[in-house]
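So the sequence shown is numbered by the numbering used here: it starts at 20 and just counts up by one. Data first, discussion second: the structure below is written as C-alpha cells.
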Amino acid sequence: MENEKYCVGYNFLEATESFREADNLEPVSLVTHATSDMMGTIEKLTNSWDGPISLGIFIDSNSRNVLEYLAEVYRCDVRFRRKMTVHFAFLHKSSVSSAANCPIIEISNSKKNCQQFFASQDDLRTAIVGPFQNFPHNFMRNIARKGSKSDLHFLMDGDMIPSQHFAIKIKEIANRIVDGKHKKVLTIRRFETESGMDIPTDIKKLLDSKKLQRTFEFHHRYFTAGYSIEGLDEWFNKSEESDMVTANVVPYPGYIWEIQPILHRKDPYNADYFPSRVKTMHALIYELCRDGYTFHVPTHVFSIHDGIQHTNTVYSKASITHQEAATMVLLVFKAFRSQNVNFELNYLDWCDTYKKFEI
C-alpha cells in the first residue's frame, strides 16, 4: 500500500546495466534506503556490490539539493551509472497526497564538466544536510523494492558492507530457493568489526578477525537476540570446506528477530506505517513466519558494519520512546478504520502461537 502522506518519484535515476546474462538467472538487487546526509556511504556501495542497486532516498525542503548532487554523480561516475537506480520521497504538505497535487521536481542541467565536479565533490557532499524529520524506514524500503530492476531483493541497511563478490556468489542459490511461490527466503548473517581495522570481507579474514575478538555478530553488546543466527561454527566450517554455496534451514527464534532477508518481489512488503526505530524489520520477519515462510542461511556470504555499537545513543532511545507512542496511536486508528480487524496487541515469542485482541 502506498502511504498517503508522501509524494514519491520512482526512477529518478536509472541504472544503465540490467546484469542479466547468458545463464538466464535473475540478478539479486541490493535494496536499501538512505537520508540525504548518507551519500558518502551510499556511493561506496557501487564498489562492493557486483549487481543492480535500488536506493530509496528520503528528502525534505532543506535537503532537496541531494538530488542535484546524485544527478552529478550519475553523470560523471560510470560505475554509479551502471548499477544505481534512485527513487525519492518527501512528506506532502497536505494530509493526502496524489499524483495531481505532488509538486514536480526539476533538476537543472549542470554547467560543470566532470573534472570540475570531482574536484569539488567532497565540499558538495558536505553541504548536503539530512531531513529534519523522522525517517520512514519501512516506507523507503518498500519504494526501493517496488522500483528495483530485478525480482530478487536483498534488504540491507546502507551502512553495511557486503562481503566480497556477494551478488555473484548468491545468484544461483537465490534463484533456486527464492522463487516467489514456495515461501522461502534467504537469511544473511550480519557482523560488526572494530573501527580502524581492516574490514574482513571474505570468510577466512572474517574468521581470523573473530578469533582475535575484533569481529562479532552484529549488535552483540546490547541486542544479540535481534541478529544472532544459530549454527555459526558450522557455517564457518562449510564456507571454508567448499566453494559451493549451500543453505541450511534455521528456526524462527522470536518476534524480535530482524535479520537481513533476500526475498522475491512477490513476497510480503514491510508495514509502511511503522515509523523510525519501531520494530521496522521485526514486523516483516514476523509476518513471513506467520505466513508459513522458512528461513535459509547461505554459506560464504555476509554483511559487516565498520564499527561496534556498544549501546543505543541517548538520541536513539528518545526517538524510540517517541515513535513507539506515535505508532500505537496509529495502529489503533488503522484498526478502528478497518472492518473486522484482529489487531495483535500481545503475542508470544514464536510466530505460529499468538494471542489476539479483537477491536
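No residue lacks a Cβ here, since even glycine has one placed at the ideal position from N, Cα and C.
Check	Outcome
Status (buried if at least 16 other CB within 10 Å, exposed otherwise) for asparagine 401	Because residue 401 is not part of the residues shown, which for the chain are 20 to 378, the question remains open.
Cβ-Cβ separation, valine 269 to glutamate 249 (assumed contact under 8 angstroms), whole Å	6 angstroms
Cβ-Cβ distance between methionine 159 and histidine 283 below 7 angstroms	no
As assigned by DSSP and simplified to three states, the class of valine 148	coil
Per-residue DSSP class, three states only, for leucine 225	helix
Cβ pair glutamate 36, arginine 101 closer than 7 angstroms	yes
Rounded separation between phenylalanine 154 and glycine 177 - CA only	14 angstroms
Where arginine 424 falls, given that 16 or more other Cβ within 10 Å makes a residue buried	Past the boundaries of the shown model lies residue 424; the chain is included only from 20 to 378, so the question cannot be answered.
Start-end ranges of the alpha helix (DSSP H) lying completely within the region 272 to 320, minimum 4 residues	301 to 309
Same chain only: Cβ atoms within 8 angstroms of tyrosine 88, ignoring 5 sequence neighbours per side	Met58, Leu143, Arg144 and Ile147
Counterpart residues of histidine 111 in DSSP-defined beta bridges	Histidine 111 pairs with nothing; no bridge assigned.
Spatial distance of phenylalanine 237 from arginine 94 (CA atoms)	36 angstroms
Cβ neighbour criterion (16 or more within 10 Å) applied to aspartate 286	buried
Strand pairing of methionine 103, partner residues [DSSP]	Ile72
The region 117 to 131 contacting the region 168 to 187, beta-carbon criterion three pairs below 8 angstroms	no
Contact check, alanine 90 vs valine 27, beta carbons under 7 angstroms	no
Element boundaries [alpha helix (DSSP H), containing serine 258]	251 to 260
4-residue-minimum alpha helix (DSSP H) runs that sit fully inside the region 188 to 233, ordered along the chain	222 to 230
Phenylalanine 136 in three-state terms, based on DSSP	helix
Residues near serine 167 by beta carbon distance below 8 angstroms, same chain, minus five either side	Ser48, Val50, Pro71, Ser73, Thr104 and Arg284
Member of Met216, Glu33 and Pro46 whose CA lies at the smallest distance from the CA of lysine 188	Pro46
Run of the alpha helix (DSSP H) containing threonine 65, from where it starts to where it stops	58 to 67
Where the alpha helix (DSSP H) containing threonine 243 begins and where it ends	243 to 246
Where aspartate 142 falls: helix, strand or coil (DSSP)	helix
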